[in-house]
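Visitor: Next up is a structure, given as structure tokens.
Protein chains: 2
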Amino acid sequence: MANPFANRRPRPAPTGRPALDAILTELATADIELEERVVRREEIYRGRYVVVEKDAILRSDGFQSSRDVIVHHGAVVIAPLDAAGQLLLVVQYRLAGNGAMLELPAGSLEAHDGVAEEPEATARRELEEETGYRAGKMERLGGYYSAPGFLTEYLSLFLATDLAPALRDRLGPDEDERIRLVRLHWRDAIEAIEAGIIEDSKSIAGILMLARRLEARGL
Amino acid sequence: MANPFANRRPRPAPTGRPALDAILTELATADIELEERVVRREEIYRGRYVVVEKDAILRSDGFQSSRDVIVHHGAVVIAPLDAAGQLLLVVQYRLAGNGAMLELPAGSLEAHDGVAEEPEATARRELEEETGYRAGKMERLGGYYSAPGFLTEYLSLFLATDLAPALRDRLGPDEDERIRLVRLHWRDAIEAIEAGIIEDSKSIAGILMLARRLEARGL
Chain G
0 MANPFANRRP RPAPTGRPAL DAILTELATA DIELEERVVR REEIYRGRYV VVEKDAILRS
60 DGFQSSRDVI VHHGAVVIAP LDAAGQLLLV VQYRLAGNGA MLELPAGSLE AHDGVAEEPE
120 ATARRELEEE TGYRAGKMER LGGYYSAPGF LTEYLSLFLA TDLAPALRDR LGPDEDERIR
180 LVRLHWRDAI EAIEAGIIED SKSIAGILML ARRLEARGL
Chain A
0 MANPFANRRP RPAPTGRPAL DAILTELATA DIELEERVVR REEIYRGRYV VVEKDAILRS
60 DGFQSSRDVI VHHGAVVIAP LDAAGQLLLV VQYRLAGNGA MLELPAGSLE AHDGVAEEPE
120 ATARRELEEE TGYRAGKMER LGGYYSAPGF LTEYLSLFLA TDLAPALRDR LGPDEDERIR
180 LVRLHWRDAI EAIEAGIIED SKSIAGILML ARRLEARGL
């Protein structure tokens, strides 16, 4: 990748709501006044999904320091919702959590010739690979950084609806993934979050963002 | 740390709700059947907050592979809510996001002689360092992994109330942190999430979990 920070998203446009627009002004000011300019970048390790860097930074007040940055070129998380209000969730073993976890389907953007694919294409591929379903409709609901203190990963969140089994030429999971499909009504998924059964921040953020939208529609 | 995966939390007890308890059974089965046992662990890099490892794993079906794991010994995220319903949020420059971000206060557990401190102690310290306030009441609301696909970081979420300025002997931010305090009513914080102004998964998950609790109380 030419620019490891190319996943920075533009700020939202003013909303017309004073409390929020004051925050946008504050963020734009902080972008400049608190900026940490990278003056030297050292690549420590290049793994399959991440690159580990040690960056020397300089602030406008003259302060110098170094930051460990884990570079990841982005991912998607998908909330697949069927006509009965059931979410398609996946169970996988997560070595980093030392156990199995219940999550929304998700996956990393693939890069082709150093250019990351469009998130919606990733979402369609990962949905089929991980659940065996294809979506008639794929709608972006938002996005978020996993751990912006040291990890560049940004996840785009999609709502997938009009689901149908991928009967012909189904894409399967990657060889090193073993995935089990679980169906849970979105209201039960909220309870699973509150009970501590769903412990994955991207899934919690995604399910609760979706729930607000469904509740606003009176569902 | 003796065991880099010591932050694995025990599973919740059965809830009495069939849909959720079926999931707990599925997770317990997957813990065993999908387990990835580490057969060789190689430390690649030891940074200030993270250790990068390359782990060779073996599954029960004989499949072997290697996993990059970013080891982080855990952190807290705090939702400080004042008597007027305003959340105390922080703006910081995030190199990994290439800009300033609006987040709940948060910070890493400190380790003393290889033993990580209690999350509530971290929450009290970080709240004071980052906002200048102390909490009369600190209540655990839940917790989540930042990016369980490759990062061991687990965040405990606390609600901090009965806030008062730390007038005497105030703890300040670390030397390498520059932080600005922003107040936003929790209802406006939800709008900031929906507008894409808050883009940090721990803050989105934490604010939306808190919002459900406040709404359930009729607030």
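Protein chains in written order, with numbering that gives the first Met the number 0: chain G, 0 to 218; chain A, 0 to 218. Positions of the beta carbon are idealized from the N, C-alpha and C atoms, including for glycine. Every value quoted in this text rests on a predicted model; they were computed, and no experiment measured them.
In this structure, how does DSSP classify G/Pro164 when only helix, strand and coil are distinguished?
Guide: Residue numbering aside, residue 164 of chain G sits at position 165 when the first sequence is read from its first letter. In the structure shown, G/Pro164 sits in a strand (DSSP, three-state: E or B).
Visitor: Sort out for me which residues DSSP pairs A/Ile69 with in a bridge.
Guide: Counted from its first residue, the second sequence places residue 69 of chain A at position 70. A/Val51, A/Leu150, per the DSSP bridge assignment.
Visitor: Against chain A, does G/Ile196 count as a neighbour if the rule is that its beta carbon must be under 8 Å from one of theirs?
Guide: Stepping through the first sequence from its first residue, residue 196 of chain G is reached at position 197. So yes, G/Ile196 belongs to the interface.
Visitor: Whose CA, out of A/Glu34, A/Pro79, A/Ile77, A/Tyr92, lies closest to the CA of G/Leu57?
Guide: The residue given as residue 57 of chain G occupies position 58 in the first sequence. The option with the nearest alpha carbon to G/Leu57 is A/Tyr92.
Visitor: Taking beta-carbon pairs under 8 Å, can you tell me which members of the region 36–50 of chain A lie near chain C?
Guide: Protein chains G and A are contained in the structure displayed, whereas chain C is not.
Visitor: Chain G partners of A/Phe149, CB-CB under 7 Å?
Guide: Translated into the one-based positions of the second sequence, residue 149 of chain A becomes position 150. Going along chain G in sequence order, the residues near A/Phe149 (Cβ under 7 Å) are Tyr48, Val49, Ala95.
Visitor: Short of 8 Å in beta carbon distance, which residues of its chain neighbour A/Gly96, apart from the five on each side in sequence? Order them along the chain.
Guide: Here residue 96 of chain A refers to the residue found at position 97 when the second sequence is read from its first residue. Excluding positions up to five away in sequence, the list reads Glu198.
Visitor: Excluding the five sequence neighbours on either side, which residues of its own chain have a C-beta within less than 8 Å of the C-beta of G/Pro11, listed in chain order?
Guide: As a first step, residue 11 of chain G is located in the first sequence; it is residue number 12 there, counting from the start. For G/Pro11, where only same-chain residues beyond five positions count, the Cβ hits under 8 Å are Leu23.
Visitor: Give the straight-line distance between the Cα atoms of G/Ala122 and G/Arg182, rounded to the nearest whole angstrom.
Guide: Here residue 122 of chain G is taken as the residue at index 123 of the first sequence, counted from 1. Here residue 182 of chain G is taken as the residue at index 183 of the first sequence, counted from 1. Straight-line Cα distance between these residues: approximately 19 Å.
Visitor: In the structure shown, what three-state DSSP assignment does A/Gly96 receive?
Guide: In the second sequence, the residue the question calls residue 96 of chain A occupies position 97. Correct three-state label for A/Gly96: helix.
Visitor: Using three-state DSSP, classify G/Ala110 as helix, strand or coil.
Guide: For the purposes of this step, residue 110 of chain G is taken as residue 111 along the first sequence, with counting starting at 1. In this structure, G/Ala110 counts as strand in the three-state DSSP scheme.
Visitor: If I measure Cβ to Cβ from A/Gly141 and keep anything under 7 Å in the same chain, skipping five residues before and after, which residues do I get?
Guide: Counting from 1 along the second sequence, the entry for residue 141 of chain A is found at position 142. Result list for A/Gly141: Leu156, Met208, in chain order.
Visitor: Quick check on the DSSP output: the beta strand (DSSP E) that includes A/Gly205 runs from which residue to which?
Guide: Along the second sequence, read from residue 1 onward, the residue named residue 205 of chain A stands at position 206. That residue, A/Gly205, is in no beta strand (DSSP E); its alpha helix (DSSP H) goes 200–215.
Visitor: Less than 8 Å between the beta carbons of A/Asp67 and G/Val49, yes or no?
Guide: On the second sequence, position 68 is the one that residue 67 of chain A refers to. On the first sequence, position 50 is the one that residue 49 of chain G refers to. Against a cut-off of 8 Å, the Cβ pair of G/Val49 and A/Asp67 comes out as a contact.
Visitor: For G/Ala159, which residues of its own chain have a beta-carbon under 6 Å away from its beta-carbon, when the five flanking residues on both sides are left out?
Guide: Position 160 of the first sequence, counted from the first residue, corresponds to residue 159 of chain G. Excluding positions up to five away in sequence, the list reads Ile77, Pro79, Leu126, Ala134, Met137.
Visitor: Would you please state the rounded distance, in angstroms, between the beta carbons of G/Asp20 and G/Thr28? I believe it to be under 8 Å.
Guide: Indexing the first sequence from 1 puts residue 20 of chain G at position 21. Indexing the first sequence from 1 puts residue 28 of chain G at position 29. The Cβ separation is near 13 Å, so there is no contact.
Visitor: Taking 8 Å as the threshold (C-beta atoms), are A/Ile31 and A/Val51 in contact?
Guide: In the second sequence, counting from the first residue as 1, residue 51 of chain A sits at position 52. In the second sequence, counting from the first residue as 1, residue 31 of chain A sits at position 32. No, the pair does not count as a contact, with Cβ atoms beyond the cut-off.
Visitor: Which residue wins for smallest C-alpha separation from A/Ala210, given the options G/Glu193, G/Leu218, G/Arg216?
Guide: Locating residue 210 of chain A in the second sequence gives position 211, counting from the first residue. It is G/Glu193 whose Cα lies nearest to the Cα of A/Ala210.
Visitor: Check each residue of the region 68–79 of chain A: if its Cβ is closer than 9 Å to any Cβ of chain G, include it; give the result in chain order.
Guide: Answer in chain order: Val68, Ile69, Val70, His71, Ala74.
Visitor: Give me the Cβ distance between A/Pro147 and G/Met100, rounded to the nearest whole Å; I'm assuming they're in contact under 8 Å.
Guide: Taking the first residue of the second sequence as 1, we reach residue 147 of chain A at position 148. Taking the first residue of the first sequence as 1, we reach residue 100 of chain G at position 101. With 8 Å as the limit, A/Pro147 and G/Met100 qualify as a contact, their Cβ atoms being about 6 Å apart.
Visitor: How is the alpha helix (DSSP H) around G/Glu34 delimited, first residue to last?
Guide: Translated into positions along the first sequence, residue 34 of chain G becomes position 35. No alpha helix (DSSP H) contains G/Glu34, which DSSP labels as neither H nor E.
Visitor: Could you check the C-alpha separation between G/Ala188 and G/Ala204 for me, to the nearest Å?
Guide: Along the first sequence, read from residue 1 onward, the residue named residue 188 of chain G stands at position 189. Along the first sequence, read from residue 1 onward, the residue named residue 204 of chain G stands at position 205. Rounded to the nearest angstrom, the two C-alpha atoms are 12 Å apart.
Visitor: Keeping to the same chain, check which residues put their C-beta closer than 7 Å to that of G/Lys53; ignore five residues upstream and five downstream.
Guide: Here residue 53 of chain G refers to the residue found at position 54 when the first sequence is read from its first residue. The answer, listed in chain order, is Glu41, Ile43, Ser65, Asp67.
Visitor: Please name the residue in G/Trp185, G/Ser200, G/Ala191 whose C-alpha comes closest to that of G/Glu214.
Guide: Within the first sequence, the letter at position 215 stands for residue 214 of chain G. It is G/Trp185 whose Cα lies nearest to the Cα of G/Glu214.
Visitor: Answer with buried or exposed for G/Phe62, where buried requires no fewer than 16 other C-beta atoms within 10 angstroms of its C-beta.
Guide: Position 63 of the first sequence holds residue 62 of chain G. Classification of G/Phe62: exposed, given that the 10 Å Cβ count is below 16.
Visitor: Does the CB of A/Asp168 have a neighbour CB from chain G at under 8 Å?
Guide: Locating residue 168 of chain A in the second sequence gives position 169, where the first residue counts as 1. Output row for A/Asp168: interface = no.
Visitor: So with CB distances below 7 Å, who are the chain G contacts of A/Gly141?
Guide: Within the second sequence, residue 141 of chain A is the residue found at index 142, counting from 1. Simply Gly195.
Visitor: Using C-beta distances below 6 Å, list every residue in its chain close to G/Glu128, excluding the 5 sequence neighbours before and after it, in chain order.
Guide: Taking the first residue of the first sequence as position 1, residue 128 of chain G is located at position 129. These residues qualify, in order along the chain: Leu170, Pro172.
Visitor: Throw me the rounded Cβ distance for the G/Arg8 and G/Tyr143 pair, which I believe falls under 8 Å.
Guide: Start at 1 with the first residue of the first sequence, and residue 8 of chain G comes out as number 9. Start at 1 with the first residue of the first sequence, and residue 143 of chain G comes out as number 144. The Cβ separation is near 10 Å, so there is no contact.
Visitor: For G/Arg139, tell me which candidate among G/Gly84, G/Ala120, G/Gln85 has the shortest Cα-Cα distance.
Guide: Working through the first sequence from its first residue, we reach residue 139 of chain G at position 140. Considering only alpha carbons, the answer is G/Ala120.
Visitor: Against chain G, with Cβ distances strictly below 8 Å, would A/Pro11 count as a contact?
Guide: If you number the second sequence from 1, residue 11 of chain A lands on position 12. Yes - at least one Cβ of chain G is within 8 Å of the one on A/Pro11.
Visitor: Looking at C-alpha atoms only, which residue of A/Leu33, A/Ala82, A/Glu25 is the closest neighbour of A/Asp60?
Guide: The residue given as residue 60 of chain A occupies position 61 in the second sequence. If we check each option's Cα against that of A/Asp60, A/Leu33 comes out closest.
Visitor: Excluding the 5 residues preceding and the 5 following A/Ser200 in the sequence, name in chain order all residues of the same chain whose CB lies nearer than 6 Å to its CB.
Guide: Here the question's residue 200 of chain A lines up with position 201 in the second sequence. Cβ within range, chain order: n/a, list empty.
Visitor: Checking contacts by CB at 8 Å: is A/Arg179 closer than that to chain G?
Guide: For the purposes of this step, residue 179 of chain A is taken as the residue at position 180 of the second sequence. Output row for A/Arg179: interface = yes.
Visitor: Can you pull the chain G residues whose beta carbon is under 7 Å from the beta carbon of A/Val90, in chain order?
Guide: To locate residue 90 of chain A, count along the second sequence from 1; it is residue 91. Within 7 Å Cβ-Cβ: Glu25, Leu26, Ala29.
Visitor: Do G/Leu88 and G/Asp81 come within 8 Å of each other at the CB atom, strictly closer than that value?
Guide: Residue mapping note: residue 81 of chain G aligns to position 82 of the first sequence, counting from 1. Residue mapping note: residue 88 of chain G aligns to position 89 of the first sequence, counting from 1. No; because the gap between Cβ atoms is not below 8 Å, this pair is not in contact.
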